[in-house]
Amino acid sequence: MKKLLILCAVFISTAAFSQTNKEDVDMIQALYGKEKKAIVAEFIELEGAQKDAFWTLYDEYEAKRKDLGKKRYSILESYAKNYATLDDATTSDLIKQISSLGMETDKLIITYHKKLEKAASVKAAAQFFQLEVYFLDIVRITILENIPFIGELK
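Residue 2 is where the sequence shown starts when you use our numbering, and the numbers rise one by one after that.
Structure follows, in structure tokens:
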């Protein structure tokens, strides 16, 4: 009975990650980006040329962030598909991929923080940094709360 429950849990987590195809990921990210942009607009007060410069760079940043989101989804999908048969090599590879993605994401935020300092203002750039780290942490926590830990389901 215990093995059946574990098998069902693995199947459900795999199915949840596998249901979404590329178009669904694009749609979800586009919706999230739009909602997120509205939140950013409410939080960061900008005027005139600062406003134009900020939003131009922000849109550029969002396009790159969404690409990283697709990578994250791909890694999670691989984790879900391979969960029941994770060996040392696969586990190590997944950790390397997610670590690399984390560093890439942090680097992207820092890069755009610097660009926004120059193009808009130090305050707007700092607010951007705070919001992005906050949003990223929410995403990371949500993912961790919804996937089984390695070896949790036996």
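Every residue, glycine too, gets a C-beta built ideally from N, C-alpha and C. Bear in mind the structure is a predicted one, so any value in this text is a computation, not a measurement.
The alpha helix (DSSP H) enclosing residue i, as first and last residue numbers
| i | result |
| --- | --- |
| Ile45 | Where Ile45 is concerned, there is no enclosing alpha helix (DSSP H), given that its DSSP letter is neither H nor E. |
| Asp94 | Asp89 to Ala120 |
| Phe55 | Gly49 to Asn83 |
| Glu146 | Val123 to Asn147 |
Among the options, the one whose alpha carbon lies nearest that of residue i
| i | options | result |
| --- | --- | --- |
| Leu69 | Glu105, Glu46 and Thr92 | Glu105 |
| Tyr62 | Ala81, Thr91, Asp107 and Phe44 | Asp107 |
| Lys67 | Glu153, Ser93 and Ile110 | Ile110 |
| Gln131 | Ile151, Tyr113 and Ala64 | Tyr113 |
| Ile96 | Ala81, Ile76 and Lys115 | Ile76 |
| Ala121 | Phe44, Leu58, Val41 and Glu43 | Leu58 |
| Val41 | Ala64, Asn83, Lys115 and Phe136 | Phe136 |
| Lys116 | Ser93, Ile45, Glu43 and Ala54 | Ala54 |
| Arg73 | Val134, Glu43, Val140 and Phe150 | Val140 |
| Gly152 | Glu46, Asp60 and Thr92 | Thr92 |
| Ile144 | Lys124, Glu78, Asp60 and Trp56 | Glu78 |
| Phe1 | Gln128, Glu133, Glu146 and Phe150 | Absent from the model: residue 1. The displayed extent of the chain is 2 to 155, so no value can be given. |
CB contact below 8 Å: residue i versus chain D
| i | result |
| --- | --- |
| Ala125 | No chain D is part of this structure, which consists of one protein chain only. |
Integer Cβ distance of residue i from residue j, believed to fall under 8 Å
| i | j | result |
| --- | --- | --- |
| Ile148 | Tyr80 | 7 Å |
Practice item. For the region 33-47 and the region 77-92, state whether three or more C-beta atom pairs, one from each stretch, are separated by less than 8 Å. Key: no
**Study point:** Cβ contact (3+ pairs, closer than 8 Å) linking the region 47-64 and the region 95-108
**Key:** Contact between the region 47-64 and the region 95-108 is absent, because fewer than three Cβ pairs lie under 8 Å.
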